[in-house]
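Here is the structure we will look at.
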Amino acid sequence: MLISVKKRFIFIANSKTASTSIEAALAPYAEINRIGSALRKHISWEASKKEYKFLFKFEEYHPDSFFKFGVIREPVDWVLSWYNYRLGNQKLPNSLPQDMTFYQFWNSIDRIKDISQKASFVDEDGVCRFDLIIPHQAVGRAFPVLMNSLKIPKTTLPTKNKSAGQTLQRSKLSAEIVADINTYYQQDFDLWKEWSDNIDSYLEELAKQ
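Position 99 (the sequence shown) corresponds to 98 in numbering that gives the first Met the number 0; numbering is contiguous.
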């Protein structure tokens, strides 16, 4: 999570959504920088408002005066990314056995089922009022538009925190498990779909600002 008072933006970092890359590019412009452990960086918007109440309590720094954005990933791709990242990765405390199948992973009692991407972006009433939610598949074309809107010099988005080793491709998943995952994370899917369907028009408007 990053807060830039000078550039007036707030970035809420979801897991497995290129957040490490975005933070690396924007960190030089953020006075408040929670880069570090997952517990530090993946703080929700609701928790951020409480954590930084000392800033937001002033009218000139009201949350509405900041451009708030984040990235969301289609649930199937998000779960698959976690599977590929953890499979046989002995550097992680929650690594998965090398021989665990994706089906076994999804049907296990794993903490991933307690995580909601949408929950990172909502206010206390459960409504997302962010200025921009970038669908993960659109990060490449959205990033330059965003940088220009924030009046940040042209910056290359670095590649960070990629899964190492062999990866399972989405095309290998059954239609049944794809439907099951997207249904399980229905609210995340709906938010991702809404922004995916309209991202081009949002970026066009952002480019005019």
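The beta-carbon is built from N, C-alpha and C at its ideal position, and this holds for glycine as well.
Identity of the residue in the options nearest residue i by Cα
i: Asp189; options: Ala118, Leu145, Ala206 and Asp130; result: Ala118
i: Ile182; options: Val78, Arg85, Val70 and Phe66; result: Reading the sequence as shown, one finds Thr at residue 182 and not Ile. Closest by alpha carbon: Val78.
i: Gln97; options: Lys90, Leu86 and Glu30; result: Leu86
i: Ile222; options: Val177, His41, Gln103 and Arg110; result: Beyond the ends of the chain as shown, which are 0 and 208, falls residue 222; an answer cannot be given.
i: Lys5; options: Asn13, Asp130, Glu59 and Tyr201; result: Glu59
i: Asp179; options: Val75, Phe55 and Lys90; result: Val75
i: Ser211; options: Trp194, Ile2 and Thr100; result: Lying outside 0 to 208, the shown extent of the chain, residue 211 is not represented and no answer is given.
i: Gln185; options: Ile114, Tyr84, Ala46 and Ser47; result: Ile114
i: Lys171; options: Asp124, Ile108, Asp187 and Phe101; result: Phe101
i: Cys127; options: Lys56, Lys49, Tyr51 and Glu193; result: Glu193
i: Leu131; options: Ile151, Trp191, Asn88 and Tyr51; result: Trp191
i: Ile176; options: Glu203, Phe104 and Leu202; result: Phe104
i: Tyr28; options: Leu202, Glu123 and Met0; result: Met0
Where residue i falls: helix, strand or coil (DSSP)
i: Lys49; result: helix
i: Asn197; result: helix
i: Val121; result: strand
i: Ser3; result: strand
i: Ile21; result: helix
Beta-carbon proximity of residue i to residue j, cut-off 9 Å
i: Ala24; j: Ile34; result: no
i: Ile198; j: Pro134; result: yes
i: Thr16; j: Gly69; result: yes
i: Asn93; j: Leu167; result: no
i: Ser43; j: Val144; result: no
i: Ser195; j: Ala141; result: no
i: Ser47; j: Ile21; result: no
Residues bridged to residue i (per DSSP)
i: Ile180; result: Looking at the DSSP assignment, Ile180 forms no beta bridge with any residue, so it has no partner.
i: Gly69; result: Ile11 and Ile132
i: Leu86; result: Leu95
i: Asn147; result: DSSP lists no partner for Asn147.
i: Ile31; result: Ile2
Residues near residue i by beta carbon distance below 7 Å, same chain, minus five either side
i: Arg39; result: Arg33
Same chain, Cβ closer than 6 Å to residue i, five either side skipped, listed in chain order
i: Ser14; result: His41
i: Leu54; result: Tyr60
i: Met146; result: Thr154
i: Ser200; result: none
Close Cβ partners of residue i (< 8 Å) along its chain, the five nearest in sequence each way excluded
i: Ser148; result: Phe66, Leu205, Ala206 and Gln208
i: Ile111; result: Val78 and Trp81
i: Glu50; result: Ile42
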